[in-house]
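*Asks:* Whatever position you read off the sequence shown (first residue = 1), add 17 for the working numbering.
Every residue gets a Cβ at the ideal spot worked out from N, C-alpha and C, and that includes glycine.
If you scroll down you'll find the structure; I have some questions about it.
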Amino acid sequence: MEQNRFDVMVVHSGEDALTAIEAFEPDLVLLDVMLPAVDGFQVCQSIRGNPLRKSLKIVFLSAMTRDLDIAKGNTLGADAYITKPFSNAEVVRQVKDLLSG
């Protein structure tokens, strides 16, 4: 992402993600479902429950490939759900598309 001139902040838990989102105010979040303590679904739900974050784009990058998991991510308000394995080019393309639209 940095090679494509995006500002990047990395965190390793759902709780840290929610704190970083408040401090950093990103335009887009790349989110894994499997995070310690507060999982990615809960982070997504929290973001979507905050009217101030209505325009924040959320992209799940996950090894959870079941239709049920993908549907849950989409139902909670994700803008995209990309399953592993994925190419970096695919992620960059999706991010650019979401941020330009």
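(1) Only counting the same chain, and skipping five residues up and downstream in sequence, which positions put a Cβ closer than 8 Å to that of L115?
(2) For A97, which beta-bridge partners are listed by DSSP?
(3) Any idea what DSSP makes of V50, helix, strand or coil?
(4) Among P43, A40, R83 and M51, which has the Cα closest to the Cα of H29?
(5) What first and last residue would you give for the alpha helix (DSSP H) that runs through L35?
(6) Look at V60 and L69 and say whether their C-beta atoms are less than 8 Å apart.
(7) What does a CB cutoff of less than 6 Å around M18 pick up in its chain, not counting 5 residues either side in sequence?
(8) Using only alpha-carbon positions, find the residue among A80, N21, R22 and N67 that is nearest to K101.
*Replies:* In short, the structure shows the following:
(1) Translated into the one-based positions of the sequence shown, residue 115 becomes position 98. Sequence-distant partners of L115 (beyond 5 residues in either direction) whose C-beta falls short of 8 Å from its own C-beta, in its chain, are L45, K74, V76, D96 and A97.
(2) Residue 97 sits at position 80 when you count from the first residue of the sequence shown. Answer is V76, bridged to A97.
(3) By one-based count along the sequence shown, residue 50 stands at place 33. Coil at V50, not helix or strand.
(4) Here residue 29 refers to the residue found at position 12 of the sequence shown. For H29, the nearest C-alpha among the options comes from M51.
(5) For the purposes of this step, residue 35 is taken as the residue at position 18 of the sequence shown. Here the alpha helix (DSSP H) through L35 covers G31 to F41.
(6) The residue given as residue 60 occupies position 43 in the sequence shown. The residue given as residue 69 occupies position 52 in the sequence shown. Not closer than 8 Å, so no.
(7) For this step, residue 18 is matched to residue 1 along the sequence shown. So the qualifying residues of the chain are V25.
(8) Against the sequence shown, residue 101 aligns to sequence position 84. Of the candidates A80, N21, R22 and N67, the one whose C-alpha sits nearest the C-alpha of K101 is A80.
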